[in-house]
Amino acid sequence: TYALEELKMATNDFRIRIGVGATSFVYLAELGDGNFGAVKRVMEERGGSRKIFLDEVSVLLRVSHPNLVGLLGFCLEKGEQLLLLEYLANKSLFDRMHTYYGQSLGVLSWSNRLSIALDIARALEYLHSQADPPIIHRDIKSSNILLIDDNHAKLADFGLCKLGPFNDPNRPKRQTSIKGSFGYVDTNYLNTGFVSTKSDVYSFGVLLLELITGLKSIQGSATLAEWTEECRRNKNVEVWAQMLDPKLNGDANMEQLRVLIRICMA
Numbered sequence: 001t002y003a004l005e006e007l008k009m010a011t012n013d014f015r016i017r018i019g020v021g022a023t024s025f026v027y028l029a030e031l032g033d034g035n036f037g038a039v040k041r042v043m044e045e046r047g048g049s050r051k052i053f054l055d056e057v058s059v060l061l062r063v064s065h066p067n068l069v070g071l072l073g074f075c076l077e078k079g080e081q082l083l084l085l086e087y088l089a090n091k092s093l094f095d096r097m098h099t100y101y102g103q104s105l106g107v108l109s110w111s112n113r114l115s116i117a118l119d120i121a122r123a124l125e126y127l128h129s130q131a132d133p134p135i136i137h138r139d140i141k142s143s144n145i146l147l148i149d150d151n152h153a154k155l156a157d158f159g160l161c162k163l164g165p166f167n168d169p170n171r172p173k174r175q176t177s178i179k180g181s182f183g184y185v186d187t188n189y190l191n192t193g194f195v196s197t198k199s200d201v202y203s204f205g206v207l208l209l210e211l212i213t214g215l216k217s218i219q220g221s222a223t224l225a226e227w228t229e230e231c232r233r234n235k236n237v238e239v240w241a242q243m244l245d246p247k248l249n250g251d252a253n254m255e256q257l258r259v260l261i262r263i264c265m266a
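Residue 1 is where the sequence shown starts when you use UniProt numbering, and the numbers rise one by one after that.
Here is the structure:
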């Protein structure tokens, strides 16, 4: 654990904000060894309850994987709820794809996008199948994917996670309040309140559509999944190719596109 004064000093009294979440702000921290960290300040006035904070600490202490953002320490003192996290300087996939700053760095190639998708798939496989107990993330989205570089990424933000086991016949299913980000939330979860690992898989499918099309998860009044549904249901790869991000200039492998669309339809 860290003392509050240590983290206030490291962040220069929470001066440089580098991110905003539903219940938190994130600040750059300069650590004593010359490296940097990210301090996530979970705010009760933004809905970040003590339970949410402790749940996130509990999850982060349980997991270790190269494609998950790591916990360096935490602080619970004088009403402050602080997580010291691994810092990745290259911002989020959302920033890289959808902001002027990110686009000024050039277009993410097809191979870049596949590599990023594979890294997040590995992170989800670990959470669902290898973590003990298994974990549902519940907030897979491009702004929660932090880039190591244009080919590699880590999954962040475990504030909405649910811990398993999920397939225990002796443990009845329970409805939960709907959490997550509009456009990414599983429609079955929205309709029933029952969350499962399939909810993360649905969100991952939306993420794949985002990588394929270069579009945000919301298109006007429709979700990206709804907006692309007619194209996706067509079995003609030439129709699928019409969904490709025009910034790719056709630089995509059609067989790989076919596989990705099938995953999105699963």
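Cβ atoms here follow ideal geometry from the backbone N, Cα and C, with glycine treated the same way.
Here the structure is a predicted model, which means the values were calculated and not measured.
Buried versus exposed, by CB contacts within 10 Å (16 or more), V96: Contrary to the premise, residue 96 reads as Arg rather than Val in this sequence. R96 is buried by the Cβ-count criterion.
Spatial neighbours of V72 in its chain, beta-carbon cut-off 7 angstroms, leaving aside the 5 residues before and after: Before going on, a small fix: residue 72 reads as Leu here, not Val. Result list for L72: G37, L84, L85, E86, in chain order.
Neighbourhood of V20 by C-beta distance below 8 angstroms, restricted to the same chain and skipping five residues each side: V26
According to DSSP, residues forming a beta bridge with I136: K162
Three-state secondary structure (DSSP) of S92: strand
Segment contact, 8 angstroms Cβ cut-off, at least three pairs: the segment 107-119 with the segment 43-63: no
K179: first and last residue of the uninterrupted alpha helix (DSSP H) it sits in: No alpha helix (DSSP H) holds K179; DSSP gives it neither H nor E.
Sequence-distant residues of the same chain with beta carbon closer than 7 angstroms to E30, five excluded per side: A10, F36
First and last residue of the uninterrupted beta strand (DSSP E) at I18: 17-20
Coarse secondary structure for S24, derived from DSSP in three states: strand
F94 vs S58 beta-carbon contact at 7 angstroms: no
Range covered by the beta strand (DSSP E) that runs through A156: That residue, A156, is in no beta strand (DSSP E); it is neither H nor E in DSSP.
Opening and closing residue of the alpha helix (DSSP H) in which R258 lies: 254-265
Run of the alpha helix (DSSP H) containing V59, from where it starts to where it stops: 50-62
Test item: CB-CB of K8 and N67 under 7 angstroms: no
Assigned exposure category for L105 - 16 Cβ within 10 Å defines buried: exposed
The segment 183-194 contacting the segment 72-81, beta-carbon criterion three pairs below 8 angstroms: no
Residue from N234, K235, Y202 with nearest C-alpha to L224: Y202
Proximity of L215 and L260 at Cβ, strictly below 7 angstroms: no
Buried or exposed (CB count within 10 angstroms, at least 16 for buried), E238: exposed
Boundaries (first-last residue) of the alpha helix (DSSP H) holding V239: 237-241
Rounded Cβ spacing between T23 and G159 (contact assumed at less than 8 angstroms): 6 angstroms
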